[in-house]
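Read through the structure below, which is laid out as structure tokens, and then see the notes.
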Amino acid sequence: MPDIRALIVDDSSVMRKIVERSLRQAGVNLTQVLEAGNGAEALAVLEQSQVDLILCDINMPIMDGLEFVKQLAGVSNAKGVPVVMITTEGSESHVVQALSCGARGYIRKPFTADQVKEHVLPVLAVKT
Amino acid sequence: MKSANDILAVSKEHADWIPLLELSAREVFELMLGCQLSQLEAAPESGLDITSMVGLAGQLCGVLSVRSSKESTALMAYKMLGAETDKNSQEVRDAFGEICNMVAGNFKNKISGLSEGCMLSVPTVVTGNDYSLHSLTDSPPLEVRLQFEDRPLIISPEVS
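Residue numbers (the numbering used here), protein chains in the order written: chain A, 6 to 133; chain B, 1157 to 1316.
Structure (structure tokens):
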């Protein structure tokens, strides 16, 4: 497993910590974890930093996760970076919308570390 | 197959939602906190000094609230994070808000068609117990009474 720099986007700091722990439990070799509380903050982080993986909530204030993923297309530091949504929104339309916006994986809350492993490791394996 | 509206119409008997709500809460605690909830027979008369609320809008309108004690929520945060946290900290309130958020999301995802037609707000946490909640919905009051580590956990959907 290569070294991975991850950006975790969630308005809950507790959830960001849980996602980070789940990634480590999944065997992801995290060398750096950046955090953002909403999509706008995440875009600002990406202006300054490069990452290898983005985990993103959908329901957040200021800029939600779907809008964030749409705007990623115009961020040079995010080219080819896989995005996995982690959200309480479980409808098929949300899944389809997220994937059509460019997300590569979708995990519903509540989740287990095994589910994180199942959805994150494949997108890291095919990262371009 | 029933449409979402058919199911909601049937569920005007809001008591039908109780098992789904209970299952939603049990799954959240099992997957995110690694613990089992148990039944609580009688509502506690005191000690519920923290409330987390998530608003619902769309096909289901109102608020879902989860009430507990600060001591319990500190234990919940500990189980979620694996580290001790002061019961009055923002981190504990954040954890309790997320629990309410996940229970509400898991609940609406269990009602066919509702997950697309119902939006959730970000959670709000109220501390203290000297307040009254006055719902403007016409639905009867419902409660799911559970125990987390032998401490009461009351979940109330005030929705129509």
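Backbone N, C-alpha and C fix where the C-beta goes; we use that ideal spot for every residue, glycine too. Here the structure is a predicted model, which means the values were calculated and not measured.
As the crow flies, the alpha-carbon of Ala108 of chain A is around 44 Å from that of Gly1203 of chain B. Here Ser105 of chain A is exposed: its Cβ has fewer than 16 other Cβ atoms, across all protein chains shown, within 10 Å. Ala118 of chain A places its beta carbon 8 Å or farther from that of Gln55 of chain A. For Ile23 of chain A, the nearest CB of chain B lies under 8 Å from its own CB, placing it at the interface with that chain. Proximity of the stretch 1174-1190 of chain B to the stretch 1277-1297 of chain B falls short of the contact definition, fewer than three beta-carbon pairs being nearer than 8 Å. Secondary structure note for Ile67 of chain A: it is in no beta strand (DSSP E), with a DSSP letter that is neither H nor E.
The continuous alpha helix (DSSP H) containing Asn1265 of chain B extends over residues 1246-1266. A direct Cα-Cα distance of roughly 20 Å separates Ala47 of chain A from Asp1250 of chain B.
Chain-order list of chain A residues neighbouring Ala1251 of chain B: Val19, by C-beta distance under 7 Å.
Taking a 10 Å sphere around the C-beta of Asn1262 of chain B, we find 16 or more other C-beta atoms and assign the residue as buried.
Of all residues in the stretch 1269-1294 of chain B, only Ser1271, Glu1272, Leu1276, Val1278 place a beta-carbon less than 7 Å from a beta-carbon of chain A.
No Cβ of chain A is located within less than 8 Å of the beta carbon of Val1219 of chain B. In the DSSP assignment, Ser1221 of chain B falls within the beta strand (DSSP E) that extends over 1218-1224. With contacts defined by Cβ atoms closer than 8 Å, Met1236 of chain B and Pro115 of chain A do not form a contacting pair.
Residue environment analysis places Glu97 of chain A among the exposed positions, since fewer than 16 neighbouring C-beta atoms fall within 10 angstroms of its C-beta. Ile1310 of chain B is a Cβ neighbour of Ala1199 of chain B, given a cutoff of 8 Å.
Under the Cβ criterion of 8 Å, Lys114 of chain A is counted among the residues facing chain B. Contact annotation for Thr117 of chain A against chain B: Leu1187 [CB-CB distance below 7 Å, chain order].
Look at Asn43 of chain A: its C-beta is not under 8 Å from any C-beta on chain B. Contact check for Leu35 of chain A against Leu28 of chain A passes: the beta carbons are separated by less than 8 Å. The beta carbon of Ala1181 of chain B sits no closer than 8 Å to any beta carbon of chain A.
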